[in-house]
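What follows is one structure encoded as structure tokens, with my remarks underneath.
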Amino acid sequence: MPLSTGQKLLKIRKGEITAAENIKGFLNVIRKNNTAINAILHINDTAVKEAEAVDKKIKSGEAGKLAGLAIAVKSNISVIGLPISCASKTLENYYGTFDADVIAKIKAEDGVIIGMANMDEFACGSSGESSAFGRTDNPAAPGRIPGGTSSGSAAAIAAGFCDLALGSDTGGSIRNPASHCGVVGIKPSYGRVSRYGLVDMTMSFDQIGPLSNDAYGAALAMQVISGKSENDAATSANKVPNYLRLLKKGLKGLKIGIVSEFEEMCSDKRIYRLMEGVTHKFAAATKSGVKQIKLPYVDLAIQAYYPIVYVEFFSGTRKFDGRKYGKKIEESCGEEVLRRILGGREISRAEYHGTYYRKALKAKKLISEGFERAFKEVDIIISPTTPMLPHKLGTKITDPRAMYAYDAYTTPANLAGICAGVVPAGRIDGIPVGLQIMAPAFKEELLLQAMAEIEKRSN
Ligand code: GLN
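Residue numbers 126 to 584, in the numbering used here, belong to the letters of the sequence shown in order.
Laid out in structure tokens, this is it:
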């Protein structure tokens with residue numbers, strides 16, 4: 126069992142291990158195991174030096190909240206001097222020229238970037254198989270997909286390559302790999318965390334969020350990366366609560382919703398039963414009530430999500446024309462990225478306008494309103510994360526519709542802009558299964574409290 130994030134932080138602060146030792150320890154594990162797992166695409170050569178500087182600050186009592194922790198970063202988040210390839214040949218030789226807001230904040234709190242993580246190309250996919258630099262293996266279920274698109278970030282946590290990781294989530298890309306790799310992950314509310322320095326997949330859904338071994342680690346990372354930024358007009362001025370303090374408070378007397386429509390959508394019913402079992406245990410322990418609720422139109426989430434993604438992704442990729450950054454995308458990208466570019470171009474044509482895109486926006490609105498009504502009845506909603514277990518590497522899902530169905534439980538939160546997180550719920554056939562909690566927008570403290578309580582009770 127690795128140390129909990131809280132224990133690790135304390136050991137570093139007390140000088141029982143130095144920040145440099147912490148980083149060196151992880152680098153050794155990466156050097157030993159990354160060839161097989163392929164979670165890290167690039168190691169930060171200056172990580173040990175940076176950690177030594179942090180050690181000096183610890184000694185003089187000036188160290189920040191993340192002092193000496195190792196952080197892996199998804200390869201679509203800009204870090205100065207490191208390759209931001211988006212796991213694509215298109216940006217293969219592109220190096221960050223500035224720090225994303227989240228990275229500047231992490232560095233200001235003395236976190237050490239250990240390396241850049243593998244991912245599905247341009248954050249399109251659900252399995253971790255579409256990276257131009259090879260698939261990632263699942264350290265918690267070897268030989269199976271780790272989930273995606275933040276595949277490397279989740280696998281890096283599960284493999285013991287870092288303390289914390291950053292991912293991005295447009296339709297489930299933090300939550301799905303967190304579930305498959307048996308770790309914790311959070312998609313913050315839209316506007317909670319600055320997207321400045323994130324390579325867009327779909328601007329109106331993308332959020333950067335943390336992956337961690339435990340809810341405490343996720344809360345700590347959220348504390349550091351959340352908040353208003355002048356660089357991202359979509360960030361909210363809502364005050365960031367003290368997540369760490371609120372986490373200690375625990376929870377009582379919640380109203381928990383389980384969505385009636387979700388049972389049928391679960392192709393592996395064992396996942397649904399596991400989710401129900403853990404939810405009832407959690408409810409009993411916290412004197413909470415569980416209620417079946419309806420989320421009308423939630424079955425349209427996939428149909429609403431993909432046309433919007435295609436159109437925004439197509440538009441966002443126009444800058445990769447081979448002149449300013451890297452190669453021309455159409456000539457260097459993989460199959461799924463090309464499908465979205467071509468599909469997005471078609472949908473954007475004037476004659477189709479009312480046919481797909483407008484309809485998708487309408488469905489998005491109906492789904493958001495459904496959540497608003499639901500959150501008048503219940504405090505949080507619990508659901509499975511994915512409808513099936515991770516498949517074996519090499520048995521690729523070839524039908525894009527089957528791959529898209531993977532996102533049925535995760536896309537609704539992005540469509541509605543609410544926050545959602547995943548915690549390990551247990552195992553089926555030895556494979557980790559995470560449970561998803563959804564909470565109203567800007568109620569991350571409630572989400573984290575529920576995650577911490579569930580974490581205590583799953584096995
Ligand atoms: N699987 C979803 C998609 O392919 C989500 C990806 C993501 O969240 N980046 O769009």
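Using N, Cα and C, we set each Cβ at its ideal position, and we do this for glycine too.
Within the stretch 136-207, the complete beta strand (DSSP E) runs of at least 3 residues fall at 165-168 and 195-199. Shown here for Gly277: same chain residues with a beta carbon closer than 6 Å to its own, the five before and five after excluded, namely Ala164, Ala242, Asn243, Met244 and Thr261 in chain order. In the structure shown, Cys211 adopts coil according to DSSP, grouped into three states. Annotation: Ser276 is outside any beta strand (DSSP E); the continuous alpha helix (DSSP H) that includes it extends over Ser276 to Ala283.
Asp524 has its Cβ no nearer than 6 Å to any heavy atom of the ligand GLN. Closer than 6 Å to some heavy atom of the ligand GLN: that does not describe the Cβ of Met576. Per the coordinates, the alpha-carbon of Gly307 lies some 8 Å from the alpha-carbon of Val548.
Following the DSSP letters along the chain, one finds Ser351 in no alpha helix (DSSP H), marked with neither H nor E.
Asp446 is positioned such that its CB atom lies no closer than 7 Å to that of Gly296. Excluding its 5 nearest sequence neighbours in each direction, Cys391 has C-beta neighbours in its own chain below 7 Å: Tyr397, Pro509 and Pro512, listed in chain order. Taking one beta carbon from each stretch, the stretch 210-225 and the stretch 483-500 have fewer than 3 pairs nearer than 8 Å; the two do not touch. In the same chain as Ala161, and ignoring 5 residues on each side of it, the C-beta atoms closer than 7 Å to its own belong to Asp262, in chain order. Between the ligand GLN and the CB of Met328, the shortest heavy atom gap is not smaller than 6 Å. Between the stretch 374-390 and the stretch 411-431 there are three or more C-beta pairs closer than 8 Å, enough to call the two in contact. In this structure, Ser275 lies away from Arg317, with their beta-carbon atoms at least 7 Å apart. Sequence-distant Cβ neighbours of Phe151 in its own chain, meaning closer than 7 Å and more than five residues away, are Ala195, Ile239, Phe286 and Cys287. In the structure shown, the three-state DSSP call for Asp357 is strand. Inter-segment contact for the stretch 332-346 and the stretch 438-455 is absent: fewer than three beta-carbon pairs are separated by less than 8 Å.
A check of alpha carbon separations from Lys380 across His405, Glu389 and Met400 identifies His405 as the nearest. Boundaries of the alpha helix (DSSP H) around Arg526: Pro525 to Ala530. Val365 places its beta carbon 7 Å or farther from that of Ser337.
Following the DSSP letters along the chain, one finds Arg552 inside the beta strand (DSSP E) bounded by residues Cys544 to Ile553. DSSP, reduced to helix, strand and coil, places Arg474 outside both helices and strands of the structure shown, so it counts as coil.
Gly382 has Lys416 and Ile506 as its beta-bridge partners, per DSSP. Close CB contacts of Tyr529 within its chain, under the 7 Å cut and outside five residues either way in sequence, are with Ile427 and Tyr431 (chain order). Within its own chain, the residues whose Cβ lies closer than 7 Å to the Cβ of Thr327, once the five positions on either side in sequence are excluded, are Thr295, Ile433, Val434, Glu437 and Phe438, listed in chain order.
In the three-state reduction of the DSSP assignment, Tyr422 falls in the coil class. The nearest non-hydrogen atom of the ligand GLN is less than 6 Å from the C-beta of Ser251.
Contact check for Leu291 against Val198 passes: the beta carbons are separated by less than 7 Å. About 19 Å separates the Cβ atoms of Gln574 and Leu289, ruling out a contact at the 8 Å cut-off.
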